Amino acid sequence: MQQLRTHSAHWGAFHAGMQDGRLVVTPHPGDPDPNPLIDNFPDALRHPARIAAPAIRRSWLERGPGADILRGGDEYVQVSWDKALDLLAGELRRLGEAYGPSTIYGGSYGWSSAGRFHHVQSQIHRFLNVAMGGYVRSVNTYSGGCAEVLIPHVLGSYEKAVRRNVTWDQIAQRTDVVLAFGGMALKNSRVAGGGVSRHVERGAMREAAGRGCRFVCISPLSSDLPEEAAADWMPVIPGTDIALMLGIAHTLVSDGSHDRAFLAQYCSGWEEFETYLSGHNDGVKKNAEWAASICGVSAEEIQSLARSLPGRRVLITVSHSLQRAERGEQPVWMGAVLAAMLGQIGLPGGGYSYALGTLAHYGRRNNAVPSPSLSQGTNGVKEFIPVARIADMLLNPGQSFDYNGQRLVYPHVRMAYWAGGNPFHHHQDLPRLTRAISTLDTFVVHDHAWTATARHADIVLPATMTLEREDIGSAPTDPLMLAMHRIAEPYGEARDDYEIFCGLAQRLGVLDEFSEGRSSREWLQHLYAKTREALAEIGHEAPDFDTFWRQGELVLPQADDDGGMMRAFRNDPQANPLATPSGKIQVSSPVIESFGYDDCPGHPAWVEPTERPTKDFPLHLISNQPASRLHSQLDFGGHSQSTKLKGREVCSMHPATAADRGIREGDLVRLFNSRGACIAAARLTEQMHPGVVQLPTGAWYDPMEEASGKTLCVHGNPNVMTRDIGTSRLTQGCSGQLTIVQAERFDGAVRAVSVFEPPRSAVIE
Ligand code: PGD
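Remember, my numbering sits 50 above the position in the sequence shown when you count from 1.
Spelled out as structure tokens, the structure:
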């Protein structure tokens with residue numbers, strides 16, 4: 051029986067050990083609200099969905115590299131590590147010599163696991179930089195890609211605006227009203243890249259509500275705020291929050307209750323925006339009646355909400371989900387403008403805190419020292435793509451596209467090398483992604499499980515799961531740095547990603563440069579030493595590595611930066627200007643205006659999305675983050691599996707929507723649109739807008755072809771139907787959160803979900 055030892059995941063710190071051959075996990079004792087996602091580990095550790103040995107896709111092995119539509123449907127051949135690494139090193143050499151590094155896509159987006167050394171994105175980038183001289187990279191994230199481009203134009207530093215702003219403590223103690231556009235769902239704020247040791251959000255909302263703070267959940271789903279917030283729910287039509295915000299803004303201006311002094315002192319470009327709001331140029335007043343006709347909230351409610359705000363400590367939040375949709379920049383921008391109109395920006399518990407409640411990183415204090423990280427070296431390739439444009443790049447090499455005022459060209463990529471991500475989970479329009487991936491010469495994937503992405507790869511290399519290796523867990527806003535102990539032996543022949551890259555580096559003659567002669571344990575000691583040095587510089591003594599490792603955790607000091615950039619700006623705008631062209635909040639942006647994008651004008655505006663419900667596809671589909679797993683990770687784990695119905699992902703809908711279609715609780719349903727279809731099981735709830743169906747992301751993609759030729763996912767993955775377009779020409783972010791569909795009861799026969807069994811494979815010597 052093994053003693054329980056510390057470990058960490060993006061969803062929480064925990065203790066784990068093997069007892070009688072079974073993994074046991076218990077939450078970290080200091081966590082006031084542990085995340086049940088840790089319960090996915092025990093069944094997942096030795097699940098047959100794990101990859102046991104290196105595997106090569108049969109057609110690639112027999113015919114060599116080249117475009118192939120068989121990807122996703124082919125057989126695999128298990129090979130030895132030596133054979134797999136020899137083949138892969140040979141292919142890297144061939145591509146490097148024939149075309150150079152700009153033919154390799156190493157953007158490899160994904161969350162992978164929490165440890166800072168085995169952070170596989172850092173590993174893959176370091177390897178490609180050292181061994182190949184670089185790779186085509188990606189910029190921004192699927193989470194906040196649209197806001198990451200917009201906010202620097204409007205507020206300056208994205209990091210500072212998002213991570214160093216209003217804290218949960220301030221909300222608990224100071225805020226009178228939280229207007230939460232898109233809500234602040236705990237399933238999202240319980241997760242942070244690098245880990246989170248204390249889940250504080252539920253407690254803070256309980257305390258604030260108990261003190262009389264009013265939370266308003268502005269979302270098609272009332273579940274976007276927890277019960278503890280005791281929120282008023284305002285069910286808005288998806289994609290129309292900007293109209294509601296404009297209606298509030300118009301009411302404030304008509305009443306003369308907007309904070310003119312704040313706008314004059316701290317903002318630039320109010321006049322242009324006010325002209326738009328008043329309808330002076332286009333003849334359309336953006337008043338509450340106008341807003342109501344778009345967003346579905348009555349004019350009276352909009353006016354009453356607007357009139358309840360002036361003079362109170364109001365915090366406006368806009369969740370990441372709102373900008374993960376076509377025209378996603380508009381509500382992000384308008385949230386800032388509305389907060390400026392209320393004059394509360396920079397005050398404790400007031401103003402604008404974009405994405406607060408979306409991840410556990412936000413709303414907390416920052417550590418006084420940086421988290422350890424592995425250096426990635428220098429990338430010699432200039433070409434990059436906004437991360438969600440991967441399929442566009444593969445399908446349209448040489449084609450130009452707009453991005454943030456630049457005209458860029460898609461490079462011709464022949465190899466995609468993926469580790470620590472699951473594009474056949476995270477990307478939109480998966481049938482299109484299948485076509486895009488089929489154009490490659492070679493597709494390489496490291497993962498610990500046979501995800502849909504691994505099933506499309508030519509070379510599949512089994513990686514250890516986090517519990518099977520040692521690491522250091524640390525995140526910039528979490529004071530606990532954790533020793534992540536090895537809890538279990540590797541599954542089958544799985545190797546650490548680091549070991550895999552060392553094997554390749556050796557074959558390519560760059561091992562010393564890549565590894566710097568260090569074993570994994572020596573790298574952990576090296577990274578820990580850097581944190582220890584940084585602590586010493588600010589006068590904090592930390593124990594040596596062995597003591598840290600034995601103790602399992604180290605409490606890091608936190609910076610005294612309450613209020614962050616916005617407080618400093620409010621207190622002294624001359625001394626602490628924002629990093630925007632005017633040094634102020636850009637209510638309008640002449641820079642964005644100068645790009646001339648028809649889908650993103652120079653101030654926040656209602657820009658009709660190009661996809662709205664139709665007669666054939668009358669429902670909005672919200673494909674948001676799941677509550678039972680992180681993205682697609684460990685979908686085969688016990689907790690995630692316990693939430694499925696009839697073995698399928700659950701689709702929620704309003705009883706009226708269901709009744710119109712003869713759908714009852716628990717029925718199988720078929721959701722479909724022009725791009726694809728999926729089977730899910732229906733759950734009926736009055737806690738959502740009737741024009742909406744909701745299906746979370748992350749059910750492993752399990753496709754088959756319908757008689758019509760349409761791709762059907764038998765498990766319930768929404769990305770078979772989402773649209774693969776950028777949020778706008780300015781931001782080119784992921785727009786996967788919203789699409790339009792039809793729903794019908796499914797009475798036919800459909801095969802069982804088979805994606806948790808390994809694909810067909812043969813073994814050769
Ligand atoms: P994960 O499921 O976290 O999804 O997309 P992302 O690709 O990050 O994938 C991580 C993968 O890494 C898993 O397959 C896991 O097994 C593997 N992995 C974990 N640890 C290791 C390791 O140590 N080594 C290796 N080699 N592999 C490892 C998430 C993305 O999805 C995000 S962030 C967002 S916000 C988007 N959200 C939406 C959305 O709202 N709606 C839609 N329709 N689509 C979305 N997609 C995006």
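Using N, Cα and C, we set each Cβ at its ideal position, and we do this for glycine too. Keep in mind that this is a model prediction, so the values were computed, not measured.
Endpoints, the alpha helix (DSSP H) within which residue i is located
i: Val204; result: 195-204
i: Glu563; result: 561-565
i: Ala94; result: 91-94
i: Ile550; result: 547-557
i: Ala486; result: 480-488
i: Phe806; result: No alpha helix (DSSP H) contains Phe806, which DSSP labels as neither H nor E.
i: Ser692; result: 688-692
i: Arg264; result: Looking at the DSSP string, Arg264 is not in any alpha helix (DSSP H); the run it does join, the beta strand (DSSP E), is 264-268.
i: Thr707; result: 705-710
Run of the beta strand (DSSP E) containing residue i, from where it starts to where it stops
i: Ser673; result: Premise fails: Ser673 is in no beta strand (DSSP E) and is neither H nor E.
i: His653; result: No beta strand (DSSP E) holds His653; DSSP gives it neither H nor E.
i: His57; result: 55-59
i: Asp816; result: Nothing in the structure corresponds to residue 816, since the chain is present only between 51 and 815.
i: Glu794; result: 788-795
C-beta atoms of residue i and residue j nearer than 8 Å
i: Leu718; j: Lys696; result: yes
i: Phe177; j: Phe796; result: no
i: Leu574; j: Phe312; result: no
i: Gln173; j: Tyr467; result: no
i: Ile268; j: Phe231; result: yes
i: Asn242; j: Ala59; result: Note on residue identity: the sequence assigns Ala, not Asn, to residue 242. No; because the gap between Cβ atoms is not below 8 Å, this pair is not in contact.
i: Pro768; j: Ser682; result: no
i: Val347; j: Leu271; result: no
i: Phe493; j: Ala513; result: no
i: Glu661; j: Glu376; result: yes
i: Ile221; j: Ala258; result: yes
i: Phe686; j: Ala99; result: yes
i: Arg414; j: Leu145; result: no
i: Gly783; j: Arg374; result: yes
i: Val437; j: Tyr159; result: yes
i: Arg264; j: Asp305; result: no
i: Tyr185; j: Gly156; result: yes
i: Gln478; j: Ser724; result: no
i: Asp528; j: Gly245; result: yes
i: Val170; j: Gly430; result: no
i: Met771; j: Ala732; result: no
Residues of its chain near residue i, where Cβ-Cβ distance is below 6 Å and the 5 sequence neighbours each way are ignored
i: Ser136; result: Here residue 136 is Asp; the residue named in the question, Ser, does not match the sequence. Answer for Asp136: no residue qualifies.
i: Thr630; result: Gly206, Gln636
i: Val238; result: Reading off the sequence shown, one finds Asn at residue 238, where the question assumed Val. Excluding sequence neighbours, Asn238 sits near Thr408, Gln675.
i: Val813; result: Gln128
i: Thr290; result: Ile344, Cys345
i: Ala254; result: Trp218, Ile221, Ala222
i: Ile292; result: Gln380, Pro381, Met384, Trp656
i: Trp110; result: Asp508
Residues near residue i in its chain [Cβ-Cβ closer than 8 Å; skip 5 each side]
i: Leu517; result: His57, Ala66, Leu73, Phe91, Leu95, Arg536, Ile537, Ala538
i: Gly448; result: Val459, Tyr460, His462
i: Glu543; result: Ala102, Ala103, Pro104, Trp131, Pro512
i: Glu324; result: Val303
Cβ neighbours of residue i in the same chain (closer than 7 Å, five flanking residues each side left out)
i: Leu42; result: For residue 42 there is no data in the structure shown, the boundaries of the chain being 51 and 815.
i: Pro398; result: Gln220, Arg224, Gly613
i: Ala338; result: Gly297, His300, Thr301, Ala349, Ile352, Gln353
i: Ala584; result: Val419, Pro420
i: Leu138; result: Val494, Ile509, Leu554
Could you tell me whether the segment 449-460 touches the segment 769-786, where touching means 3 or more Cβ pairs closer than 8 Å?
-> Flag = yes, the segment 449-460 and the segment 769-786 touch.
Residue ranges of each beta strand (DSSP E) within the segment 201-252, 3 or longer = 227-231
Any chance the segment 179-188 sits against the segment 553-573, with 3 or more Cβ pairs inside 8 Å?
-> yes
Is the number of C-beta pairs between the segment 731-747 and the segment 632-642 that are closer than 8 Å three or more?
-> With a cut-off of 8 Å, the segment 632-642 and the segment 731-747 do not count as touching, because too few Cβ pairs lie within range.
Within the segment 278-360, note down every full beta strand (DSSP E) run reaching 3 residues or more, in order along the chain.
-> 282-284
Every unbroken beta strand (DSSP E) inside the segment 393-467 [3 residues or more] | Segments of the beta strand (DSSP E) lying fully in the segment 393-467: 434-436, 450-453, 456-459.
For the segment 722-785, list the beta strand (DSSP E) runs that are entirely contained and at least 3 residues long, ordered along the chain.
-> Entirely contained in the segment 722-785, the beta strand (DSSP E) runs reaching 3 residues are, in chain order, 727-734, 742-744, 753-755, 761-763.
Curious, which full-length beta strand (DSSP E) runs of at least 3 residues does the segment 140-198 contain?
-> 187-189
Residue ranges of each beta strand (DSSP E) run of no fewer than 3 residues wholly in the segment 576-664, ordered along the chain?
-> Those beta strand (DSSP E) runs which fall completely within the segment 576-664 and span 3+ residues are 603-605.
Would the segment 778-787 and the segment 644-653 be scored as touching if the rule is three or more Cβ pairs under 8 Å?
-> yes
Okay, do the segment 470-485 and the segment 77-87 touch, 3+ Cβ pairs below 8 Å being the bar?
-> no
Would you be able to state if there are at least three C-beta pairs under 8 Å between the segment 379-399 and the segment 598-609?
-> no
Along the chain, which unbroken stretches of the alpha helix (DSSP H) at least 4 residues long are found entirely within the segment 68-122?
-> 91-94, 108-113
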